[in-house]
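So the sequence shown is residues 3 to 400, counted in the working numbering. Think of the CB as a built atom: it goes at the ideal place given N, C-alpha and C, for glycine as much as any other residue.
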Amino acid sequence: TDMLASRLSLLKPSPTLLLSARARELKAKGIDVLDFSGGEPDFDTPAPIKDAAIKALGEGFTKYTAVGGIPELKEAIREKFRRDQGLDFSPREIVASNGAKHTLFELFQVLVNPGDQVLLPSPAWVSYPDQVLLNQGEPVFIPCREEDGFRLEPEALSAVLTPRSKVLVLNSPNNPTGSILDRDRLEKIAEIVLKNDLLVISDEIYEKINYTSAPVPSIAALDPALRSRTVIVNGVSKTYAMTGWRIGYAAGPREIMEAVDTVQSQTASNPNSIAQKAAAYAIRSGEEYFSPMLVEYRKRRDWVVKAFNGIPGIRCAPPEGAFYVFPNVSGLLTRSYKGVPIHTVYELAEFFLDVARVAMVPGTPFGSPLHMRLSYAASQEALEEALKRLSEAVALLD
Ligand code: PLP
3 TDMLASRLSL LKPSPTLLLS ARARELKAKG IDVLDFSGGE PDFDTPAPIK DAAIKALGEG
63 FTKYTAVGGI PELKEAIREK FRRDQGLDFS PREIVASNGA KHTLFELFQV LVNPGDQVLL
123 PSPAWVSYPD QVLLNQGEPV FIPCREEDGF RLEPEALSAV LTPRSKVLVL NSPNNPTGSI
183 LDRDRLEKIA EIVLKNDLLV ISDEIYEKIN YTSAPVPSIA ALDPALRSRT VIVNGVSKTY
243 AMTGWRIGYA AGPREIMEAV DTVQSQTASN PNSIAQKAAA YAIRSGEEYF SPMLVEYRKR
303 RDWVVKAFNG IPGIRCAPPE GAFYVFPNVS GLLTRSYKGV PIHTVYELAE FFLDVARVAM
363 VPGTPFGSPL HMRLSYAASQ EALEEALKRL SEAVALLD
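This is the structure in structure tokens:
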């Protein structure tokens with residue numbers, strides 16, 4: 003209707019949240035649905051992190067704070083970048099926001115002019131294109147092939163460049179594929195970035211959920227020229243099982259980060275004061291709370307990959323990071339259920355929801371119509387039951 007601003011016509015609700023909503027609806031009707039559509043750890047926030055928040059609350063730390071975060075939080079973030087990536091940021095080069103999703107939106111606000119192209123290696127997290135559109139930019143997908151482990155190939159980046167290309171978004175480890183960009187490829191990508199004067203947003207929110215033996219390399223750490231045109235985005239949601247606390251952050255060149263701070267000052271003032279205290283505590287703790295979770299994620303990953311590969315028509319590669327599997331289900335897209343053909347991954351997702359009572363997200367909104375995403379940040383018990391149901395449902399297909 004003409005009540006709404008025209009920019010709204012470009013926007014759709016997050017498809018992952020949509021599927022969770024349908025699963026919740028069924029659950030409310032008393033149907034026992036196993037929901038793997040979300041992107042959040044099943045673990046509770048570790049108790050000492052909660053205690054830091056309780057302490058802050060008791061001390062009356064309940065007022066507005068500095069826009070981009072309290073000094074204690076910025077110091078914890080600075081230390082994290084020094085420790086993990088050998089990168090030095092001044093406090094003015096860091097902004098904490100209400101979750102990395104908020105951070106990313108602010109970055110697109112300050113970087114994108116109407117018509118600027120934002121390059122998104124695909125499959126990509128579903129919120130990038132819509133956030134770009136809301137800021138009048140043009141999302142441009144760069145296809146990444148399954149044969150390449152869904153990693154961005156430098157040639158594929160070169161192939162999409164135009165004079166309007168402005169920002170490249172990297173997401174390693176990737177949601178939904180779990181792929182990690184290796185140093186070799188990153189170096190070649192960095193060359194293209196420099197040659198074409200691109201800016202980089204490096205979304206490293208899954209940095210710590212890494213099953214390889216080496217730390218996840220960051221393009222910002224390759225050399226100072228990259229450091230000066232890259233903004234790193236990270237947060238506490240995934241690493242410390244703190245999705246509901248809503249603390250994300252970014253670090254990058256001062257000019258960009260001061261602009262982010264200004265936008266935030268006019269739109270959100272500051273992230274939640276109590277959550278900032280808890281996040282500072284969590285980030286300072288390093289690996290302590292998070293290592294046991296990683297051990298669990300790895301076990302579940304290995305189990306789930308094997309179980310999917312045991313279902314005829316499904317192929318599942320082991321992801322290197324994050325907590326999603328992205329099985330190829332193209333072998334099922336020629337089949338039918340009770341005489342009704344299943345053509346698309348949407349129809350397959352509905353079939354799985356209705357018949358197996360298992361919720362997974364179709365790959366299409368992420369950029370692949372042949373895959374589905376399942377989050378294995380769920381109990382082993384739930385995973386075993388789900389894979390059993392999926393396997394039984396697939397056996398019903400003609
Ligand atoms: N970036 C990616 C790739 C994600 O998958 C998510 C969460 O799903 C986020 C950013 C945002 O995380 P948050 O806003 O909880 O910090």
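Alpha-carbon to alpha-carbon, VAL169 and ASP263: 19 Å
Any non-hydrogen atom of ligand 1 within 7 Å of ARG212 CB: For the sequence presented, residue 212 should be read as Asn rather than Arg. Not under cutoff, so the answer is no.
Element boundaries [beta strand (DSSP E), containing GLN119]: 119-124
Extent of the continuous beta strand (DSSP E) to which ASP205 belongs: 201-205
Short Cβ contact (8 Å threshold) for GLY365 with LEU355: no
Where the beta strand (DSSP E) through PHE143 begins and ends: 140-145
THR1 Cβ short of 7 Å to ligand 1 heavy atom set: Residue 1 falls outside the range modelled here, since the chain spans only 3 to 400, and no answer is possible.
Touching by the beta-carbon criterion (3+ pairs, under 8 Å), the stretch 267-280 and the stretch 56-67: yes
Cβ pair ALA324, PRO175 closer than 8 Å: yes
Run of the alpha helix (DSSP H) containing SER381, from where it starts to where it stops: That residue, SER381, is in no alpha helix (DSSP H); it is neither H nor E in DSSP.
Reference LEU392; option with closest CA among ALA252, GLU77 and PHE353: PHE353
GLY101: CB within 7 Å of a non-hydrogen atom of ligand 1: yes
Whether PRO125 touches PHE152 by CB criterion (8 Å): yes
7 Å CB neighbourhood of ASN177 in its chain, flanking five on each side removed: GLY41, TRP127, TYR208, ALA324 and TYR326
8 Å Cβ cutoff met for LEU113 and LEU201: yes
Sub-8 Å separation of SER267 and ILE234 beta-carbons: no
For ASP46, three-class secondary structure by DSSP: coil
Any non-hydrogen atom of ligand 1 closer than 7 Å to SER239 Cβ: yes
8 Å Cβ cutoff met for GLY139 and PHE110: yes
Spatial neighbours of LEU232 in its chain, beta-carbon cut-off 7 Å, leaving aside the 5 residues before and after: Before going on, a small fix: residue 232 reads as Thr here, not Leu. Excluding positions up to five away in sequence, the list reads VAL202, SER204, ILE221, ALA222 and GLY254.
Classification of LEU159 by the beta-carbon crowding that lies within 10 angstroms, buried from 16 upward: buried
Local Cβ density within 10 Å of SER377, reported as buried at 16 or more and exposed below that: buried
Endpoints, the beta strand (DSSP E) within which VAL405 is located: Given that the chain is displayed from residue 3 to residue 400, the structure contains no residue 405 and the question cannot be resolved.
Which of helix, strand or coil DSSP assigns to ALA158: helix
In chain order, each alpha helix (DSSP H) run of at least 4 residues that lies wholly inside the stretch 168-249: 185-197 and 226-229
Per DSSP, cross-strand counterpart(s) of PRO343: SER338
At least three beta-carbon pairs within less than 8 Å, the stretch 296-309 to the stretch 96-109: no
Beta-carbon spacing of PHE143, LEU122 below 8 Å: yes
Given ASN330 as reference, the closest of PRO343, ARG375 and ILE344 once Cα atoms are compared: ARG375
Nearest to VAL363 (by Cα), restricted to the options TYR242, SER381, SER271 and THR179: THR179
Endpoints, the beta strand (DSSP E) within which LEU163 is located: That residue, LEU163, is in no beta strand (DSSP E); it is neither H nor E in DSSP.
Residue environment, SER338, which counts as buried when at least 16 other CB atoms sit within 10 Å: exposed
Nearest residue (CA-CA) to SER16, options CYS146, LYS240 and PRO367: PRO367
Extent of the continuous beta strand (DSSP E) run through MET374: 374-377
Nearest to PHE38 (by Cα), restricted to the options LEU224, ALA388 and LEU106: ALA388
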